[in-house]
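Encoded as structure tokens, the structure appears first; notes follow it.
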Amino acid sequence: MVRGKTQMRRIENPTSRQVTFSKRRNGLLKKAFELFVLCDAEVALIIFSPRGKLYDFASASMQYTIERYRMHTKDSPNSNNTVEQNMQRLMNEAAAMMKKIETMEVSIRKLLGEGLGSCSIEDLQQVEQPLERSVSKVRARKTQVFKQQIEHFKEKSGVQPLQTLNNERQKLPYTDSDPSLDVETELFIGLPPERRQKNLPSQK
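Given below as structure tokens:
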């Protein structure tokens, strides 16, 4: 029976992944031991399981083999190249970060109204739009807080809201022709009767 070719990708099933790890680990340790015995090679093998458990094999002292490896890589020309590459990468990252910081500082100064002399119409619109949105949000929140404080003050002081007073006032009875509200008045046009008698000409 011909076995199918195993695809080199992560096994999604946890049980199958653990079984495969155990088999491959034992096979790798066996191969390391055979390499040491058959070829008189100095072999050091370190394996950490997905759960962090350590499995290792060393034909000699593990510490001695690790120190020997460090000394070899320290004197290797490739080591210097690796250090230089890391330094260049760090310098590039630092330069990119400084550029981002400078761009953010320019944007902050524009939001504060500074350094606008060299801005075009498009630049000014880009600065104006976020400011308008921010001001709108601040005003809406300010109005909301102000209303909450007024309601809290009314509840604390026992003052009824204006809408409640208007509703109660509308419930009171009201008539246009209430007899108790009628007032009798007498309006005289001209002189009083006494003065009219005096001012009349005497008949001879």
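Numbering (my numbering), first residue to last: 3 to 206. Beta carbons: idealized from backbone N, C-alpha and C, even for Gly.
Using only the alpha-carbon positions, how far apart do residue 88 and residue 135 sit?
In the sequence shown, residue 88 corresponds to position 86, counting from 1. In the sequence shown, residue 135 corresponds to position 133, counting from 1. Each residue's Cα considered, the two are about 44 Å apart.
Starting from residue 34, trace the alpha helix (DSSP H) both ways and give me its first and last residue.
Here residue 34 refers to the residue found at position 32 when the sequence shown is read from its first residue. First-last of the alpha helix (DSSP H) with residue 34: 16-41.
Buried or exposed: where does residue 47 fall if 16 or more other Cβ atoms within 10 Å of its Cβ makes it buried?
Residue numbering aside, residue 47 sits at position 45 when the sequence shown is read from its first letter. Buried, since its Cβ has 16 or more Cβ neighbours within 10 Å.
Any chance the region 23-31 sits against the region 48-57, with 3 or more Cβ pairs inside 8 Å?
yes
In terms of residue numbering, what span does the beta strand (DSSP E) encompassing residue 48 cover?
As a first step, residue 48 must be located in the sequence shown, where it is residue number 46. Note, residue 48: beta strand (DSSP E), 46-50.
To the nearest angstrom, how far is it from the Cα of residue 68 to the Cα of residue 38?
Working through the sequence shown from its first residue, we reach residue 68 at position 66. Working through the sequence shown from its first residue, we reach residue 38 at position 36. When rounded, the distance between both Cα atoms is 16 Å.
At the level of alpha carbons, what is the spacing between residue 74 and residue 85?
The sequence position of residue 74 within the sequence shown is 72, counting from 1. The sequence position of residue 85 within the sequence shown is 83, counting from 1. Between residue 74 and residue 85, the C-alpha separation is close to 15 Å.
Assuming residue 112 contacts residue 129 (C-beta within less than 8 Å), just tell me the rounded distance between them.
The residue given as residue 112 occupies position 110 in the sequence shown. The residue given as residue 129 occupies position 127 in the sequence shown. At roughly 5 Å, the Cβ-Cβ gap stays under 8 Å, so residue 112 and residue 129 are in contact.
Could you tell me the boundaries of the beta strand (DSSP E) in which residue 56 lies?
Here the question's residue 56 lines up with position 54 in the sequence shown. Counting along the chain, the beta strand (DSSP E) containing residue 56 begins and ends at 56-60.
Mind listing, in chain order, the continuous alpha helix (DSSP H) runs of no fewer than 4 residues lying wholly within the region 94-175?
123-159, 164-173
For residue 67, does the three-state DSSP call read helix, strand or coil?
Working through the sequence shown from its first residue, we reach residue 67 at position 65. If DSSP states are grouped into helix, strand and coil, residue 67 belongs with the helices.
Would residue 34 be called buried (16 or more neighbouring beta carbons within 10 Å of its own) or exposed?
In the sequence shown, the residue the question calls residue 34 occupies position 32. When all chains shown are included, residue 34 counts as buried.
Grab me the residues of residue 62's own chain with a C-beta within less than 7 Å of its C-beta, minus the 5 sequence neighbours each way, in chain order.
If you number the sequence shown from 1, residue 62 lands on position 60. Here the set comprises 44.
Out of curiosity, what's the CA-to-CA distance linking residue 151 and residue 123?
Position 149 of the sequence shown holds residue 151. Position 121 of the sequence shown holds residue 123. Spanning the two alpha carbons is a distance of roughly 41 Å.
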